[in-house]
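Below is one structure, written out as structure tokens; comments come after it.
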Amino acid sequence: MSRFSRADVVFKKELFEHLRDRRTLASIAMPALIGPVLIWFMFQQMASNITAAQDITIPVIGAEYAPEFVDWLAQNDRVEVSTATGDPAEQVAAGELDLVLSIDEDFGRRFEQSRPARVKLYFDQSNQKSQPKLRRVRGLVNAYSRAIASLRLVARGVSPGVSQPIALQDVEVSSAQRLTARLISFVPMFLLIAAFAGGLAAAIDSTAGERERGSLEPLLANPVSTDALALGKWLAATGLACGALVLSSVAMVAVFGNLPLFELGVQLRIGVPEIVALGITVLPIAALAPALEILIATFARSIKEAQAQTSYLMMVPMAPAMAIAIMGIKTAPWMSLVPLLAQTRLIHETLAGEMPAAWEFAVAGISAVFTALICVQIVARLLRREKVVFGR
Amino acid sequence: MIEIDGISKTFGETRAVDALTLEARDGQVTGLLGPNGAGKTTAFRILYGLMRPDTGSVRVDGLDIATDRAAAQSQLGALPDTHGLYPRLTARENILYFAHLQGVSRPEALRRVETYVPVLDMAEIVDRRTEGFSHGERTKTALARALVHQPQNIILDEPTNGLDVMSVRALREMIRRLRGEGRCVLFSSHVMQEVSALCDRIVVISNGRSVASGTPDQVREQAGREDLEDAFVELTGSKAERA
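Residue numbers (the numbering used here), protein chains in the order written: chain A, 6 to 397; chain B, 7 to 249.
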């Protein structure tokens, strides 16, 4: 009889028991789906903001003083002009209007005299949402102003270039593109969370739960080695964590496949191959995380204690990513051997568009699974200690 | 056949079991009688291999639990002090899990479950999830689970604790059946009537030491008391009696 015989019995029972429990299934599905759902909502929100900036309506007071100017504004693509009434300052401050363009009574007279004609733009700097719209209106007014200036110079026989010593060219890096990149950088974190949360319920229930229910003592009285017990329990939790990870990856692919990217004019750097690569990168973590959770929960005397202690573990998936992002640590080859750090590095490279080589995935995966097996071995030893089993 | 030879176990300053020697024979019911905290549970934990004794040895059908642990455990059916079930599994699934861990095939295990259902009066509960089982229902399920691999030796740690009359009856009936099949039954109790009603042999334990052993009559004789309960009080030096 080998050390690991009947681990399959333990594995099947644990998996069966957890798949039957609705609460466990919810605890797997919720963290797996929260990321994709959040990304979906954030993107929709972003899209509606950007669309709002593109199709703008400019409330104008005193349109009758400058009909040509207002007509010119309205001729621009996706611009409409409406007539505003009442006190513009009040309405903008109250947030009823994002901005108001107020044309001075003297506009026509001063315009004819080639003196600066006055137009007031009311806006609220603290209203973040109105900023793109504000930029657009400023741009339009300036464009009209420049066009008139050029015409006046030409009429006076001067080259329009004289009034423009510097030609500043705006190279627009779309804000949509940048926001999309930021959303994509959340993807690996959500996948890691799915891997860490997916096996958690099973890891706690099959260790601290076993002790709390008083089923550990009869279980250990069976002629099955603690190696087989630890292995079976770990494999079952790993199976659930992998399930959560696959669910999360599939949901991510579905979300990114259905985002209104074209409408936003965004070029997506992440596609199905990248998400699959991310999934493969994180997969060994779905084996490592339950092993760490089982190890921690084996020490806990109750399910509650185990939940409290493993909750700190949920910060682990974020730590290496933050270290690299915030402290700007350069990725180095030795990192391939450190689980989690290795995965974080692979994720960074994948997202940067440099797909790592297959052997790099393999090395990172093997080191994670190897660490997991060490944890399982420690758990098997702990279960042979009276102090751990009986909590003395 | 269970042979416990001079086992001792100390936790810090407390000597839980002190040179305890005991023999439980096949075809007999042996009772380990002692007040709460006398060391019965610790002795049993050593017996089914969950604790290592500081000194002494335990043999089950001649197999040393320290060196032949798995083989000895296959010959043991244990109903420990804590006998929790898996709440999301039915009673039948709980029993089958332990059967598989003991290496019993599925059809054979299913067949055996059917034989326990009438004896332990489990027809109504066998396919219900054990979540919400009464104490009696849980004990019956745990007992069936301990017996499913048909062990030659059965160890029951205070099995009748907190059971109602009907459940105690079912349990006694089961114990008599096991004795009739020639098995070795060892059970602990702090209840006198329990032991005198069932046991062929009694070992009285106090402060981890065996203070008397033999048939109920012999124990009465050793204590010099007619009534077995008086004998128990005399032997274990209960404080209640002295007060």
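Virtual Cβ for every residue (Gly too), placed ideally from N, Cα, C.
Reducing DSSP to helix, strand and coil, say where residue i ends up.
i	result
A:F128	strand
A:V15	helix
B:I161	strand
B:R215	strand
A:G113	helix
A:S87	strand
B:I181	helix
A:A324	helix
A:V394	helix
A:E177	Residue placement at A:E177 cannot be trusted, given a pLDDT of 44 that sits under 50; what the coordinates show is reported in the next sentence. Coil.
B:D170	coil
B:V23	strand
A:G144	helix
If distances are taken between C-alpha atoms only, which option among the options comes closest to residue i?
i	options	result
B:Q79	B:T88, B:V64, B:L39	B:V64
A:F191	A:A31, A:F261, A:P278, A:P344	A:F261
B:I10	B:T36, B:R21, B:V225	B:T36
B:D223	B:V239, B:C205, B:H196, B:R215	B:C205
B:Q158	B:R183, B:F139, B:A148	B:R183
A:R390	A:L205, A:I209, A:D232, A:D76	A:D232
A:M257	A:P137, A:V281, A:G219	A:V281
A:A99	A:E354, A:T315, A:F128, A:P289	A:F128
A:L387	A:I61, A:S316, A:I299	A:I299
A:F395	A:L356, A:V251, A:L221	A:L221
A:V76	A:L20, A:R115, A:M35, A:Y149	Here the sequence assigns Asp to residue 76 of chain A, which means Val is not the residue at that position. Of the candidates A:L20, A:R115, A:M35, A:Y149, the one whose C-alpha sits nearest the C-alpha of A:D76 is A:Y149.
A:A152	A:T376, A:V251, A:G166	A:G166
B:Q199	B:T96, B:R226, B:E235, B:G109	B:E235
B:I131	B:Q156, B:G109, B:Q108, B:N100	B:N100
Within a Cβ cutoff of 6 Å, which residues of the same chain sit near residue i, ignoring the five residues on either side of it in sequence?
i	result
B:A44	I211, S212
A:I108	G67, Y70, A71, V124
A:I301	Q314, T315
B:Y54	L82, A84
Within this structure, are the beta carbons of residue i and residue j separated by less than 8 Å?
i	j	result
B:A105	B:V66	no
B:T242	B:G40	yes
A:I308	A:G214	yes
B:T73	B:S14	no
A:G237	A:A37	no
A:A207	A:A249	no
A:A226	A:A294	no
A:L78	A:L145	yes
A:A235	A:A291	no
A:L24	A:P64	no
A:L20	A:G219	no
B:Q108	A:P228	yes
B:D24	B:G188	no
For residue i, which residues from the same chain have a beta carbon less than 8 Å from its beta carbon, with the 5 sequence-adjacent residues on both sides left out?
i	result
A:S164	L158
B:A246	Model confidence at B:A246 stands at a pLDDT of 43, short of 50, so the residue's coordinates are unreliable; what they give is reported in the following sentence. Around B:A246: V239.
A:F9	S230, D232, A233, L236
B:T96	V132, D133, R134, R135, T136
What does DSSP give as the partner residues of residue i in its beta bridges?
i	result
B:T61	B:S14
B:S195	B:L39
B:E29	B:E9
B:D70	B:R65
A:S107	A:I66, A:K125
B:G220	B:I208
B:T96	B:R135
A:I61	A:V84
A:L342	According to DSSP, A:L342 bridges with nothing at all.
B:M85	According to the sequence displayed, residue 85 of chain B carries Leu and not Met. B:L162, per the DSSP bridge assignment.
Suppose the cutoff is 7 Å on Cβ atoms and the five residues either side in sequence are ignored; what does the same chain contact list for residue i look like?
i	result
B:M180	V125, L126, L149
B:D170	G142
B:G18	none
A:I352	P193, L283, T286
A:L297	L318, C380
Taking 7 Å as the cut-off, is the CB of residue i close to at least one heavy atom of the ligand GDP?
i	result
A:A305	The ligand GDP is not among the ligands present in this structure, which contains no ligands whatsoever.
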